[in-house]
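Here the structure is laid out as structure tokens; the discussion comes afterwards.
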Amino acid sequence: MKIIMLGAPGAGKGTQAKQIAKEYDIPHVSTGDIFRANMKNGTELGNKAKEYMDAGKLVPDELTISMLLDRISQEDCGKGYVLDGFPRTIPQAESLKEALSKRNEAIDYAIDIEVPDEVIEERMTGRRSCPSCGATYHLVFNPSSREGVCDACGAALVQRADDQPETVKKRLAVYHEQTKPLIDYYEREGVLKCIDGTQKPEDVFAAITEVLK
Ligand code: ADP
Ligand code: AMP
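Take my numbering: the final residue in the sequence shown is number 217, and no numbers are missing along the way.
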């Protein structure tokens with residue numbers, strides 16, 4: 005099963021993608037996580053991506069597309085994957101479609117998690133992330149058992165640099181301008197499923213599994 009998660013930054017794509025990956029035993033492929041891992045390791049790609057990410061902008065397509073296509077050509081993606089944060093532009097979606105069609109493959113579902121902007125700002129500024137294992141929490145909606153400590157691995161939680169209020173505003177504007185057109189794109193492709201993302205995480209997940217049946 006090949007699934008794309010659509011939705012504004014902070015809509016809950018990562019939260020849901022992690023659960024989908026577990027439930028269907030497919031890899032969770034997050035371009036944001038791949039860029040952050042590259043930044044942490046100080047790679048050339050990471051250094052280039054950092055500049056854009058810190059400014060709340062999209063990393064250029066020429067860096068992002070090849071990285072993603074390379075990732076999904078790896079063996080563990082053979083029986084499918086859930087893409088989180090890709091595509092974010094129409095050229096990214098077109099490149100993905102072209103690469104898949106060469107192998108007689110196509111995306112099965114594009115799941116749009118719908119959340120209004122007012123709710124998004126609160127979600128992103130309260131998000132706390134584990135730099136070690138990638139788990140995500142929210143100060144109010146999904147707190148860790150011990151404040152500031154990851155339940156999964158015990159590392160100290162951090163606030164992502166791009167989750168500061170000013171950067172959040174910029175990222176939301178970028179989403180509306182460059183990423184939201186993908187909703188119409190995947191509707192035309194006949195694979196779009198819309199989910200109310202304002203529900204509790206477990207109810208969002210139940211709605212998604214209903215759609216994937
Ligand atoms: P995205 O991957 O779309 O950027 P995340 O999955 O990281 O979004 O979620 C953003 C923040 O909102 C996180 O702090 C997460 O814990 C919280 N969150 C996710 N889903 C919900 C939900 N349904 N209700 C309330 N908070 C949520
Ligand atoms: P995310 O973890 O999905 O919220 O992504 C964090 C940041 O990484 C984004 O704000 C972008 O700067 C960059 N990024 C992640 N995925 C993409 C993508 N598909 N295209 C361009 N930039 C991306």
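All C-beta atoms in this analysis are idealised placements derived from N, C-alpha and C, irrespective of residue type, glycine included.
- [ ] Count the other CB atoms, across all protein chains shown, that sit within 10 Å of the CB of Gln-96; report buried if there are 16 or more and exposed otherwise.
- [x] buried
- [ ] Ignore the nearest five residues each way along the sequence and tell me which others in Pro-169's own chain have a CB closer than 8 angstroms to its CB.
- [x] Glu-125 and Thr-129
Task: Sheet register partners of Thr-140 (DSSP bridge) - done: Ser-133
- [ ] Using the DSSP secondary-structure output, state which residues sit across from Ser-34 in a beta bridge.
- [x] Asp-88
- [ ] With a 10 Å radius around its C-beta and 16 neighbouring C-beta atoms as the bar for buried, classify Pro-120 as buried or exposed.
- [x] exposed
Open item on the list: Quick check: what's the CA-CA separation for Lys-174 versus Glu-109?
Closed with: Taking the straight line joining both Cα atoms gives about 35 angstroms.
Task: Any non-hydrogen atom of the ligand AMP within 7 angstroms of Gly-50 CB - done: no
Open item on the list: Given the structure, does Tyr-189 come close to the ligand SAM, in the sense that its CB is under 7 angstroms from one of the ligand's heavy atoms?
Closed with: Because the ligand SAM does not appear in the structure shown, any question about it cannot be addressed here, the ligands present being the ligand ADP and the ligand AMP.
Open item on the list: Does the beta-carbon of Tyr-56, which I'm using as the reference point, lie nearer than 7 angstroms to any heavy atom of the ligand AMP?
Closed with: yes
Open item on the list: If you measure between the beta carbons of Gly-14 and Arg-132, is that distance less than 8 angstroms?
Closed with: Taking a C-beta distance under 8 angstroms as the contact criterion, Gly-14 and Arg-132 do not qualify as a contact pair.
Open item on the list: the ligand AMP and Ser-34: does any heavy atom of the ligand fall closer than 7 angstroms to the residue's C-beta?
Closed with: yes
Task: Reference Cys-154, options Thr-140, Glu-98 and Phe-145, closest by Cα - done: Thr-140
Open item on the list: Using DSSP's beta-bridge definition, name the partner residues of Asp-116.
Closed with: Leu-10 and Cys-198
Task: Asn-45 (DSSP reduced to helix, strand or coil) - done: coil
Open item on the list: So, with DSSP's three-state summary, where would you put Asn-108?
Closed with: coil
TODO: Check whether the Cβ of Gly-138 lies closer than 7 angstroms to any heavy atom of the ligand ADP, and answer yes or no.
DONE: no
Task: Identity of the residue in Leu-176, Leu-73 and Lys-44 nearest Pro-135 by Cα - done: Lys-44
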